[in-house]
Amino acid sequence: MYNLIMNKFLIIRFSSLGDIVLTLPVIKNIKRNNPDAEIYYLTKKKFSDILKGNPNIKRVIEYTSFIDTVINLRKERFDVIIDLHRVLRSFIITMFLKSDKKLRYKKDSFYRRVFVGFKIPSPRLERHVVSKYLETIKNLGYKIYTDELSLDDISIKPIENLNLRKIVIFQTAFLGDLILTLPLVREIKSKFKNSKLSIVIRKDLSHAVCGVKEIDEIIEDDKKKNKIKSTLNLIKKIKEIGFDIAIIPHRSLRTAIIAYMSQIKIRIGFDIPFISFFYTHKVPFKWLMHDAERNTALIRYISDNIRIDFPEIDVSKNMIEINEKKMILINPSSIWQTKKWPDYKYSLLIKKIYEKYSIHPILIGSKDDSLCIDKIESQVKGMCINLCGKTSITSLISLMKKADILITNDSGPMHIGVACGTYVIAIFGPTTKELGFFPYSKKSVVLEAKLACRPCRLHGSKKCPHGHFLCMKLIRVEDVMNILSNIL
Numbered sequence: 002m003y004n005l006i007m008n009k010f011l012i013i014r015f016s017s018l019g020d021i022v023l024t025l026p027v028i029k030n031i032k033r034n035n036p037d038a039e040i041y042y043l044t045k046k047k048f049s050d051i052l053k054g055n056p057n058i059k060r061v062i063e064y065t066s067f068i069d070t071v072i073n074l075r076k077e078r079f080d081v082i083i084d085l086h087r088v089l090r091s092f093i094i095t096m097f098l099k100s101d102k103k104l105r106y107k108k109d110s111f112y113r114r115v116f117v118g119f120k121i122p123s124p125r126l127e128r129h130v131v132s133k134y135l136e137t138i139k140n141l142g143y144k145i146y147t148d149e150l151s152l153d154d155i156s157i158k159p160i161e162n163l164n165l166r167k168i169v170i171f172q173t174a175f176l177g178d179l180i181l182t183l184p185l186v187r188e189i190k191s192k193f194k195n196s197k198l199s200i201v202i203r204k205d206l207s208h209a210v211c212g213v214k215e216i217d218e219i220i221e222d223d224k225k226k227n228k229i230k231s232t233l234n235l236i237k238k239i240k241e242i243g244f245d246i247a248i249i250p251h252r253s254l255r256t257a258i259i260a261y262m263s264q265i266k267i268r269i270g271f272d273i274p275f276i277s278f279f280y281t282h283k284v285p286f287k288w289l290m291h292d293a294e295r296n297t298a299l300i301r302y303i304s305d306n307i308r309i310d311f312p313e314i315d316v317s318k319n320m321i322e323i324n325e326k327k328m329i330l331i332n333p334s335s336i337w338q339t340k341k342w343p344d345y346k347y348s349l350l351i352k353k354i355y356e357k358y359s360i361h362p363i364l365i366g367s368k369d370d371s372l373c374i375d376k377i378e379s380q381v382k383g384m385c386i387n388l389c390g391k392t393s394i395t396s397l398i399s400l401m402k403k404a405d406i407l408i409t410n411d412s413g414p415m416h417i418g419v420a421c422g423t424y425v426i427a428i429f430g431p432t433t434k435e436l437g438f439f440p441y442s443k444k445s446v447v448l449e450a451k452l453a454c455r456p457c458r459l460h461g462s463k464k465c466p467h468g469h470f471l472c473m474k475l476i477r478v479e480d481v482m483n484i485l486s487n488i489l
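To convert, note that position 231 of the sequence shown is 232 in this note's numbering; the numbers rise steadily by one, no gaps.
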């Protein structure tokens, strides 16, 4: 613990773009603890733009050569030097500088090598790198106020002399990903009202966004047909339209190549190995931000003062009439088996809801979910309404807008519920908040079990890799009922 007057800080992190972004919570916490702190940041020139607009950083120092950098830094007298890169270069530079306190983050390289080489895990590896970065300033007696990233943390120099008449968004992933792209759609249209906004999406999802008034044109990507022929036809169509800019939230090599081959002059996407080679402008990608925030951050190059709001979806022609005093929707299925709360738990939940509130919960899902949902219905005959396979995406949105509560696994309908303003009770198993796909709403609750093995997969899997499936089994029916009792 140190009681020295510490007002002048040097932070060292040379690369990469994403890792530099993860150091930003350190800067925020230094300023929260010491508003008078002057923070200098040493990094490579090609990454400096992401820091130059940060109001908490007094000066960004660009690394040139070793000798020149040391000479320039020795002209300053830093109270604290924080090495967040922990490589030989940063270590030697720190040695040549005078400072009252020098700190280095614990990289745990040895434990990583042991895990990779011999598959021997260590509790040290379960901690996120942001937590390790923040550990350095705890040694100064500083309190950690936040470990979160937000849009305001990302500073990007905007592209100059823009004339955007035709804008296209690429999102050909699944339903949930498409729904989480809608705040980006709304924000682009609000900033560029006179521009034509098109969106490239999967053919089978076009009905999901046909009621979004901000979208001027839907371009369908038919992935199920001859992939080579359909891809070439798509490239030809996009090229003929002549878009001025492409915004690409879909993290796909195929999508990046399509945008590149379509000869769109400005292509903005996430800084991901191999994929970002085809982009003209890159935005850092990190899991600690919600997917809706990450997607909307892509327009930092063309706009600032960004808001995260879902647009209205007009479904007036697809209204479904349900006569229940309170409408509770249940989405019990998922593409991934490990994302599904056990069927017997859903059956018991439906029974308890019916007995306590005299409400028939409504089961929703696609035709592919019928095996799971029909099994649940058979166990609670007369206590629920089964709409599995009986709703289109637009009529599902209509249902969501009228519903009071949605109880769901981590899947696409969860994000539709959020977009419609429905109260969402989400049950999370193998996935966690840090992956960025939790419900983006204050009207939501996430139920999850605190286990060291979570997250085990990015999107889930066919079976529990550890064989116990405790992440779902430990979530009780009573946990859901307790939340319902506070809402109903």
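Where is the CB? At the ideal position from N, CA and C, for every residue including glycine.
Assign residue i to one of two classes, buried (16 or more other C-beta atoms within 10 Å of its C-beta) or exposed (fewer than that).
| i | result |
| --- | --- |
| His-361 | buried |
| Ser-66 | exposed |
| Gly-383 | exposed |
| Ala-453 | exposed |
| Asn-30 | buried |
| Ser-412 | buried |
| Pro-159 | exposed |
| Leu-525 | One cannot answer for residue 525 here, as it falls past the ends of the chain, which runs 2 to 489. |
| Leu-372 | exposed |
| Gly-418 | buried |
| Glu-241 | exposed |
| Ser-486 | exposed |
| Thr-147 | exposed |
Are residue i and residue j touching if we call contact CB-CB under 9 Å?
| i | j | result |
| --- | --- | --- |
| Val-27 | Ile-83 | yes |
| Ile-189 | Ile-248 | yes |
| Leu-1 | Asp-217 | There is simply no residue 1 to check, as the chain begins at 2 and stops at 489 in what is shown. |
| Ile-341 | Pro-333 | Before going further, note that residue 341 is Lys rather than Ile in the sequence given. Yes; because the gap between Cβ atoms is below 9 Å, this pair is in contact. |
| Ile-406 | Leu-471 | no |
| Pro-312 | Lys-225 | no |
| Leu-104 | Thr-137 | yes |
| Leu-98 | Leu-74 | yes |
| His-460 | Thr-432 | yes |
| Ile-374 | Glu-325 | no |
| Lys-346 | Val-22 | no |
| Arg-33 | Thr-24 | no |
| Ile-365 | Gly-430 | no |
| Tyr-424 | His-291 | no |
| Ile-358 | Leu-489 | Just to set this straight, residue 358 is Tyr in the shown sequence, not Ile. Contact: yes. |
| Pro-414 | Leu-176 | yes |
| Val-284 | Ile-157 | yes |
Assuming residue i is part of the beta strand (DSSP E), what are its boundary residues?
| i | result |
| --- | --- |
| Gly-418 | Careful: Gly-418 lies outside any beta strand (DSSP E), inside the alpha helix (DSSP H) at 413-420. |
| Val-284 | 282-284 |
| Asp-222 | 218-222 |
| Leu-330 | 329-332 |
| Tyr-41 | 39-45 |
| Phe-171 | 167-171 |
| Arg-105 | 100-105 |
| Val-446 | 445-448 |
| Ile-267 | 267-271 |
| Lys-197 | 197-203 |
Between which residues of its own chain and residue i is the CB-CB distance below 6 Å, once the five residues before and five after are set aside?
| i | result |
| --- | --- |
| Lys-402 | Cys-421 |
| Glu-63 | Lys-46 and Ser-49 |
| Asp-502 | Limits of the chain in this structure are 2 at one end and 489 at the other, which puts residue 502 out of reach. |
| Val-117 | In this prediction, Val-117 scores a pLDDT of 47, lower than 50, which makes its location untrustworthy; no coordinate-derived value is stated. |
| Ile-276 | Leu-254 and Ala-257 |
| Val-61 | Tyr-42, Ser-49, Leu-52 and Lys-53 |
| Phe-193 | Leu-165 |
Spatial neighbours of residue i within its chain, please: C-beta separation below 8 Å, excluding the five flanking residues on both sides.
| i | result |
| --- | --- |
| Lys-108 | Arg-87 and Lys-133 |
| Cys-211 | Ile-219 and Thr-395 |
| Ile-307 | Leu-152, Glu-188, Thr-297, Ala-298, Ile-300 and Arg-301 |
| Ser-348 | Ile-377, Gln-380 and Val-381 |
In the DSSP assignment, find the unbroken alpha helix (DSSP H) run with residue i in it and report its ends.
| i | result |
| --- | --- |
| Ile-94 | 89-96 |
| Arg-33 | 25-34 |
| Phe-67 | 67-75 |
| Glu-63 | Not the alpha helix (DSSP H): Glu-63 falls in the beta strand (DSSP E), residues 60-64. |
| Ala-260 | 254-262 |
| Asn-234 | 228-242 |
| Thr-409 | Run containing Thr-409: none in the alpha helix (DSSP H); it sits in the beta strand (DSSP E), 406-410. |
| Ala-491 | Outside the displayed range of the chain (2 to 489) lies residue 491, so it cannot be described from this structure. |
I believe residue i touches residue j by the beta-carbon criterion, under 8 Å. Please report the beta-carbon distance rounded to the nearest angstrom.
| i | j | result |
| --- | --- | --- |
| Glu-294 | Ile-309 | 6 Å |
| Ile-200 | Gln-172 | 7 Å |
| Ile-265 | Phe-244 | 5 Å |
| Leu-179 | Ile-202 | 6 Å |
| Ile-246 | Ile-168 | 5 Å |
Using a Cβ-based criterion (distance less than 8 Å to any ligand heavy atom), does residue i qualify as near the ligand ADP?
| i | result |
| --- | --- |
| Tyr-441 | With respect to small molecules bound, the structure shown includes none, and the ligand ADP cannot be examined in it. |
Spatial neighbours of residue i within its chain, please: CB distance less than 7 Å, with the 5 preceding and 5 following residues excluded, ordered by chain position.
| i | result |
| --- | --- |
| Glu-1 | In the structure displayed, the chain extends from 2 to 489; residue 1 sits before or after that span and is not available. |
| Arg-463 | Going by the sequence as given, residue 463 is Lys instead of Arg. Taken in chain order, the residues that qualify are Gln-338. |
| Cys-465 | Thr-339 |
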